[in-house]
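J.:
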Amino acid sequence: MPKDSQFLLRAEGLQFLLSAYSRSIEPLNAGSSSSSRSLNILESSRLCIPEGNQFLLRAGAGLTEPPSMEDWKQAKMMFLSDNELCTLPEKPNCPELLTLFLQRNRLLRVIPPSFFDCMTSLKVLNLSKTRIRSLPETLFKLKSLLMLIICDCKRLFRLPSQVGSLVCLEVLDLRGTKIKELPDKIGELASLKRLEVSFYGSIDDSEYVKLPRHLISSGIISKLCNLDTLSIVLCPGDERWHEDVEYVKTEVSKLKKLKFLCFHFPEVEHVQEFVTESEPWKKKLLMEFKFVVGHDVKSISSQVPRYLEFDYNQQGQCLRFVNGEKKPDGVLQILARSTAFYLDNHLDIKSLSNFGVSYMNGLKFCIISECPEIKTVVHVDEVEEDTIAVFPLLETLSIHHLWNLTGICQGILPEGSFAELRILSMHGCPKLDYIFRSSMIRYFRKLEELVIEDCQAIEQIIVEDEITDSCSVTLPSLKKLTLHYLPGLVNIWKSPWPQLGHISFYCCPNLKKIGIDSRFKDVIVKAEKSWWDALEWENDELRLYLENYSTIIFQDYL
């Protein structure tokens, strides 16, 4: 496609392009479910696309200079994202321009003061992931603007109060910015349907005295009665929110059209009040949510990797319970509707199943991190005929730094438990000496990836018990096995290995034998060369076969 080309499309083709293009805007910070919460420009009935509209498509074309003034004048839709623009024209004459996409022009620092003077028809503006520090006053004269998207502009610390003049605005997306407060004039945006904001918070507590007292003033949210999406993301430990949340929570509970809510409840009492007062919650109209319950604090480095937190945030109904105690009723009500649960530093729970198996049977994604009293993930005293399956839909279980964890399961699991589990990862559990008993394996037939790291006491991955499994291959669906920093590991399992595609060993000095045999081909093995050379083989032919027909990657440092 020539980068200087200008195109004419029929309305149907342009609608398809706009819809696909809006879905390409990546989720930021709080995360989003891209399938249901994509920025579908065409959802607004007021953005009409007449037959034969002209548009300029130069996204990702490597532009260092903006298009010509003639291009600006003729185009009704301009796609200039993913370029290297550092300047924009002072005052382009484009009175018929409807949409302008400038996102991911990372060199763009300044928008000229008169840039928007002659864009009176503009309805959609995206400035995400640019380096702008301010928004020109002329932007707030765009009376037809429906969508203003300024995601991840990390140098933007202030949203001008003139934003209240954008009376037609339906979407205001400020995720990933560094704004310090929401201007009161936001309350004048009566048409606003979607508001997403991230607030700046300093890592230096002494700086808080210089910040505005309130993040959101009282009475502002209650004026936005047409909101169906509200996301408020805070800096962990921001004490200002503890005062604001008292009235903001009440105002949010009165929004009758809410379908998506991202919100932090510092106290469990706030949760109970919300589930009691919110009509969308009580009527099950709140289709997606990202809730944090408890006192979140700033951390220099999280024990949970960022990619995993990102995956967690992609789930539709998310509950993070942090620095909590016991099992508050409001938390259980939310847990019962959640598909993702992040239990972070719970102070007294001894097993995840203590929350009640029935409250967690809809979970698909679960993270457990730094809970000092947890000894087992699931504790089943005895199985009765009416006992329901444990985690029947769970697909991902990730465990981090449970210092007293001794096993995944205690007792006999009901049939159907862990039936959909595909990924199991365990990190930093010093008292864990094995992962599975052989009698448990039949519950994990769909497990595809197993990651065990930094568990010093583990001697075996699977230990044999008195109940034997009839399956000849252990974990038949397993494709990826990662074993790192396991100094006590001497054996993985005795049964035949499944047809793995990727295996990684690191710092397992006492593991002398592995169960790879001549059935394996095209497997990728990562390991330290000194460890690989010291392995004990049934015969040299097997080792040569594996080295010839597989990919052996020697990594002495991870």
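All letters in the sequence shown, in the order written, are residues 437 to 994 by the working numbering. All residues carry an ideal CB built from backbone N, CA and C; glycine is no exception.
(1) Thinking C-alpha only, which one of T574, L563 and D780 is nearest E745?
(2) Measuring straight from C-alpha to C-alpha, what distance separates S875 and W717?
(3) Tell me the DSSP secondary structure of M505 in three-state form.
(4) Within 10 angstroms of the Cβ of I844, are there 16 or more other Cβ atoms? Answer buried if so, exposed if not.
(5) Determine whether the beta carbon atoms of V926 and E889 lie at a separation below 8 Å.
(6) Quick check on the burial criterion: 16 or more other C-beta atoms within 10 angstroms. Buried or exposed for Q991?
(7) By the three-class DSSP mapping on this structure, what secondary structure does I928 have?
(8) Any idea which residues DSSP pairs F941 with across the strands?
(9) Would you say L922 and V959 are within 8 Å of each other, going by their C-beta atoms?
(10) Rounded to whole angstroms, how far is the Cβ of L578 from the Cβ of L543, which I believe are closer than 8 Å?
(11) Alpha carbon to alpha carbon, how far is H863 from N840?
(12) Where do the N-terminal and C-terminal ends of the alpha helix (DSSP H) with H706 fall, by residue?
(13) If W929 and I952 are in contact, beta carbons under 8 Å, what's the gap, nearest whole angstrom?
(14) Can you give me the C-alpha to C-alpha distance between G673 and H700, rounded to a whole angstrom?
(15) What is the DSSP secondary structure of R676, reduced to helix, strand or coil?
(16) For the alpha helix (DSSP H) containing N984, name the first residue and the last one.
(17) Whose C-beta lies closer than 8 Å to the C-beta of P850 among residues of the same chain, with five residues either side of it excluded?
(18) Going along the chain, which residues of its own chain have a beta-carbon closer than 7 Å to the beta-carbon of K509, five neighbours each way excluded?
(19) Using only CA atoms, which one of T523, T712 and F854 lies nearest to L499?
(20) Once DSSP output is grouped into helix, strand and coil, what is the label at G655?
(21) With I810 and S787 assumed to form a contact (beta carbons below 8 Å), what rounded beta-carbon distance in angstroms separates them?
(22) Got a sec, what are the start and stop residues for the alpha helix (DSSP H) Q769 sits in?
(23) Could you pull the start and end residues of the beta strand (DSSP E) that L779 belongs to?
T.: Taking the definition as stated:
(1) Residue 745 sits at position 309 when you count from the first residue of the sequence shown. Taking only the C-alpha atoms, the option nearest E745 is D780.
(2) Along the sequence shown, read from residue 1 onward, the residue named residue 875 stands at position 439. Along the sequence shown, read from residue 1 onward, the residue named residue 717 stands at position 281. The alpha-carbon atoms of S875 and W717 are separated by roughly 42 Å.
(3) The count along the sequence shown starts at 1 and reaches residue 505 at position 69. Helix at M505.
(4) Here the question's residue 844 lines up with position 408 in the sequence shown. Here I844 is buried: its Cβ has 16 or more other Cβ atoms, across all protein chains shown, within 10 Å.
(5) Residue numbering aside, residue 926 sits at position 490 when the sequence shown is read from its first letter. Residue numbering aside, residue 889 sits at position 453 when the sequence shown is read from its first letter. Cβ atoms of V926 and E889: not closer than 8 Å.
(6) On the sequence shown, residue 991 is found 555 positions in, with the first residue counted as 1. Only exposed fits Q991, as fewer than 16 other CB atoms lie within 10 angstroms of its CB.
(7) For the purposes of this step, residue 928 is taken as residue 492 along the sequence shown, with counting starting at 1. Correct three-state label for I928: coil.
(8) Counted from its first residue, the sequence shown places residue 941 at position 505. Answer is L919, bridged to F941.
(9) Here the question's residue 922 lines up with position 486 in the sequence shown. Here the question's residue 959 lines up with position 523 in the sequence shown. Between L922 and V959, the C-beta gap is not smaller than 8 Å, which leaves the two residues out of contact.
(10) By 1-based counting over the sequence shown, the position of residue 578 is 142. By 1-based counting over the sequence shown, the position of residue 543 is 107. With 8 Å as the limit, L578 and L543 do not qualify as a contact, their Cβ atoms being about 24 Å apart.
(11) Reading the sequence shown from its first residue, position 427 is the one you call residue 863. Reading the sequence shown from its first residue, position 404 is the one you call residue 840. Taking the straight line joining both Cα atoms gives about 13 Å.
(12) What you label residue 706 is simply residue 270 of the sequence shown in a count that begins at 1. Element bounds for H706: V704 to E713.
(13) Numbered from its first residue, the sequence shown carries residue 929 at position 493. Numbered from its first residue, the sequence shown carries residue 952 at position 516. About 13 Å separates the CB atoms of W929 and I952; that is not less than 8 Å, and the two are not in contact.
(14) Taking the first residue of the sequence shown as position 1, residue 673 is located at position 237. Taking the first residue of the sequence shown as position 1, residue 700 is located at position 264. About 11 Å.
(15) Here residue 676 refers to the residue found at position 240 of the sequence shown. In the structure shown, R676 sits in a helix (DSSP, three-state: H, G or I).
(16) Here residue 984 refers to the residue found at position 548 of the sequence shown. If you look at N984, you'll find it in the alpha helix (DSSP H) that goes D976 to Y985.
(17) Here the question's residue 850 lines up with position 414 in the sequence shown. Same-chain partners within the cutoff: V816, V819, T823, I824, A825 and V826.
(18) Mapped onto the sequence shown, residue 509 falls at position 73. Cβ-Cβ distances below 7 Å link K509 to N529 and C530 in the same chain, with the five nearest sequence neighbours on each side left out; the list follows chain order.
(19) In the sequence shown, the residue the question calls residue 499 occupies position 63. When each option's Cα is compared against that of L499, the closest is T523.
(20) Here residue 655 refers to the residue found at position 219 of the sequence shown. Coil at G655, not helix or strand.
(21) Indexing the sequence shown from 1 puts residue 810 at position 374. Indexing the sequence shown from 1 puts residue 787 at position 351. Rounded to the nearest angstrom, the Cβ distance from I810 to S787 is 6 Å, consistent with a contact under 8 Å.
(22) The sequence position of residue 769 within the sequence shown is 333, counting from 1. From DSSP, the alpha helix (DSSP H) with Q769 extends over D765 to L771.
(23) For the purposes of this step, residue 779 is identified with residue 343 of the sequence shown, where counting begins at 1. For L779, the enclosing beta strand (DSSP E) starts and ends at A776 to D780.
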